[in-house]
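Below you'll find the structure, written out as structure tokens, and then a few comments.
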Amino acid sequence: MSASDAPVDRIKSPIPFFPMGSLRDFIFRLTHATPERKASRSYLKQAKDGDAEAYLSLAVNYLDLAIIYFGGCLREDADQRYARVEQVFSGLWQHLPYAERVSDFEFMLADALIENAPENGNILSPEPLVTKLRLLAPNVRFAFIAYEFENWPSRWVSLVMRLRPRELHRLLSEARCELCGISWESLSAEERACLEAISASMDASPNLRKSQVLCARVATYPRVNQIKALWLELRPELVEVRHRYLPDPAEREPLMASILKSAQAAPKSQPRLLDRMVNTVHFRRHVKIKVS
């Protein structure tokens, strides 16, 4: 693994940039954090202080995401896929001082996976759904896997991808349609808007009044109802695809040991004071991670 020496100011492509949410959103994230999220914050703090075992505790929360992501890129041996994952987490350890928050770590992880998505290789699979997943753009594939496979809350995915909620649900809706064999371009603007609203409703808490309004709206577009049914049928197939790439304990333990060993041996790079000040306000500056 190699990494450039100079920090980048932002992810240029394919993740767009726009300012973070309001103070209200920030306070909400602080006061509504899950126990797992709070533990991740603690692990991140300890890992930044040099605790490699705490880093491993943090990394294992994202191990499946990285493994499934590379499995969703092309057909290759599991050992090669695990080697890519190890390099990614080794790079994240080295540049961990750039991260002020768990979301910063997730941003660097997303960037590392997207930027290092292998492009040259066989994408065909005996399972048509896997082939379609591999045809998605790298950033779309990451967002879809994080949300649908790993059950990330939409606000986490939006924050990491630098997308507003409506933009995220447009991206997810398009991805679901492509996986169901439906061209997004073949849909009218009204049908697309309806599907985006359905996607948002699937993510929100049940609301009888809003559900009734949406049902009435969908009823005017028969094709949208058909597509929604296909979306629901897609879910169990996604579960099968996810489990296809998950390592068994005999494979997982050596991978975790390799990540820990790498963290214990690799030195960390230290950001400049200006970089740290900028990242405290909004995470923009970090070092690109390159996987060989």
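To convert a position in the sequence shown, counted from 1, into the numbering used here, add 103.
We put the CB at the ideal spot given by N, CA and C, even for glycine.
Fair warning: this is a prediction, and the values are worked out from it, not measured in the lab.
Query: Can you tell which of Arg312, Ser276, Ser308 and Glu218 has the C-alpha that lies nearest to the C-alpha of proline 327?; Result: Reading off the sequence, residue 327 comes out as valine, not proline. When only C-alpha atoms are compared, the closest one is Ser276.
Query: Among residues of its own chain, excluding the 5 on either side of tyrosine 146, which ones have a beta-carbon nearer than 6 Å to its beta-carbon?; Result: Ala157, Ser160 and Leu161
Query: Measuring straight from C-alpha to C-alpha, what distance separates leucine 298 and valine 342?; Result: 22 Å
Query: Taking contact to mean 3 or more Cβ pairs, one atom from each stretch, closer than 8 Å, check whether the segment 189-207 and the segment 373-392 are in contact.; Result: yes
Query: Run the CB neighbour count on serine 125, radius 10 Å, all protein chains shown included, and call it buried at 16 or more, exposed below.; Result: Per-residue confidence for serine 125 stands at a pLDDT of 47, beneath the threshold of 50, marking its modelled position as unreliable; the derived number appears in the next sentence. The residue in question, serine 125, is exposed, as its Cβ has fewer than 16 Cβ neighbours within 10 Å.
Query: Round the Cβ separation of tyrosine 165 and phenylalanine 245 to the nearest angstrom and send it over; I've been treating them as touching at under 8 Å.; Result: Between phenylalanine 245 and tyrosine 165 the Cβ distance is about 12 Å, and since that is not below 8 Å, they are no contact.
Query: Under the rule that 16 or more other beta-carbon atoms within 10 Å means buried, what is serine 314, buried or exposed?; Result: exposed
Query: Specify the secondary structure class of histidine 346 as computed by DSSP and reduced to three states.; Result: helix
Query: When burial is assigned at 16 or more other CB atoms within 10 Å of the CB, is leucine 311 buried or exposed?; Result: exposed
Query: Can you tell me whether DSSP reads serine 125 as helix, strand or coil?; Result: With a pLDDT of only 47 at serine 125, under the threshold of 50, the placement of this residue in the model should not be trusted; the figure read from the coordinates follows. Three-state DSSP puts serine 125 in coil, outside helix and strand.
Query: Ignore the nearest five residues each way along the sequence and tell me which others in tyrosine 324's own chain have a CB closer than 6 Å to its CB.; Result: Glu294 and Cys297
Query: Quick one: using the 10 Å Cβ neighbour count with 16 as the cut-off for buried, is leucine 216 buried or exposed?; Result: buried
Query: Run through DSSP, which three-state label would isoleucine 248 get?; Result: helix
Query: Can asparagine 219 and valine 191 be called in contact, C-beta distance under 8 Å?; Result: yes
Query: Buried or exposed: histidine 346, going by 16 or more other Cβ atoms within 10 Å of its Cβ?; Result: exposed
Query: So the candidates are Pro374, Asn225 and Val205; which of them puts its Cα closest to the Cα of arginine 140?; Result: Val205
Query: If you draw a straight line from the C-alpha of arginine 375 to the C-alpha of valine 384, how long is it?; Result: 15 Å
Query: When you compare the CB positions of cysteine 280 and leucine 337, do they come within less than 8 Å of one another, or not?; Result: no
Query: Going by beta carbon distance, what residues of the same chain come within less than 8 Å of isoleucine 170, once the five residues before and after it are set aside?; Result: Arg184, Tyr185, Val188, Tyr348, Leu349 and Pro350
Query: Since aspartate 182 contacts asparagine 382 with CB under 8 Å, what's their CB separation in whole angstroms?; Result: About 35 Å; that fails the 8 Å criterion.
Query: What residues match up with lysine 371 in a beta bridge as DSSP calls it?; Result: According to DSSP, which records beta bridges pairwise, lysine 371 is partnered with nothing at all.
Query: Taking buried to mean at least 16 other C-beta atoms within 10 Å of its own C-beta, is asparagine 225 buried or exposed?; Result: exposed
Query: Is it buried or exposed for glycine 153, if we count other Cβ within 10 angstroms and need 16 for buried?; Result: exposed
Query: Counting only runs of 4+ residues fully inside the segment 256-285, write out the alpha helix (DSSP H) ranges in chain order.; Result: 257-264 and 268-282
Query: What do you get for asparagine 242, buried or exposed, if any count of 16 or more other CB atoms within 10 angstroms of its CB means buried?; Result: buried
Query: Go through its chain and collect everything with a Cβ distance to alanine 136's Cβ below 8 Å, but skip five positions before and after it.; Result: Arg144
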